[in-house]
Amino acid sequence: MNKPRSLILTVISFSLFMYLASCAPSPLHSEPARVCEYGKDKDCVLYKVSGSSKKIEASFLDANAFRYSQIISSSWQKSTPFTTGDKAYITAQNLTAEGGVECEIWLNGNKIASQVSNKRYDIVICEATVQ
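If you count by my numbering, then the sequence shown holds residues 1233 to 1363, one letter each, in order.
Written out as structure tokens, the structure reads:
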């Protein structure tokens, strides 16, 4: 009688462990630790994503190389501080079979990177070194 009980406890413990592991926070961050206001702060990078797709995943790196990701339904923008020599990087993926997607990186009023795709499920990548 003791072995079946032990087996049941083992299965329950393993199931609980797997459930808790699935609830653990993702290595992706939801928001950058530092913020800046594009147009007012020097060396503030502005990431932009837009497109006709109804569902787009935008992922970007901050100056500390932390990756952030979020699902959007139309246009989106995010500003984050950088210093000279940092690499700005953003991807945008069309998550549907229709529409297109575009990414842009702006620094101090200048567009420093952009890419557009009208292919279904395509990914666009914008990257630039802050100078």
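All residues carry an ideal CB built from backbone N, CA and C; glycine is no exception.
Given 8 Å as the limit, is there contact between the region 1340 to 1350 and the region 1292 to 1301, that is, 3 or more CB pairs closer than that? no
Would you call residue 1351 buried or exposed, if buried means 16 or more other Cβ atoms sit within 10 Å of its Cβ? exposed
Taking Cβ to Cβ, would you say residue 1333 is nearer than 8 Å to residue 1291? no
Within the continuous beta strand (DSSP E) that includes residue 1302, where are the two ends? 1299 to 1304
In this structure, does DSSP put residue 1259 in helix, strand or coil? Note that residue 1259 has pLDDT 42, beneath the 50 cutoff, so the model's placement of it is unreliable and no number is given.
What residue does the beta strand (DSSP E) around residue 1292 start on, and which one ends it? From DSSP, the beta strand (DSSP E) with residue 1292 extends over 1288 to 1293.
Can you tell which of 1318, 1324, 1356, 1287 has its C-alpha closest to the C-alpha of residue 1330? 1287
Between residue 1277 and residue 1326, what straight-line distance do the alpha-carbon atoms span, to the nearest angstrom? 23 Å
Residue 1314 to residue 1357, Cα distance in whole Å? For the pair residue 1314 and residue 1357, the Cα-to-Cα distance works out to about 19 Å.
Does the separation of the CB atoms of residue 1320 and residue 1362 fall below 8 Å? Yes, these two residues count as a Cβ contact at 8 Å.
Going by C-alpha to C-alpha distance, which of 1360, 1293, 1294 sits closest to residue 1343? 1360
For the beta strand (DSSP E) containing residue 1309, list its first residue and its last residue. 1308 to 1313
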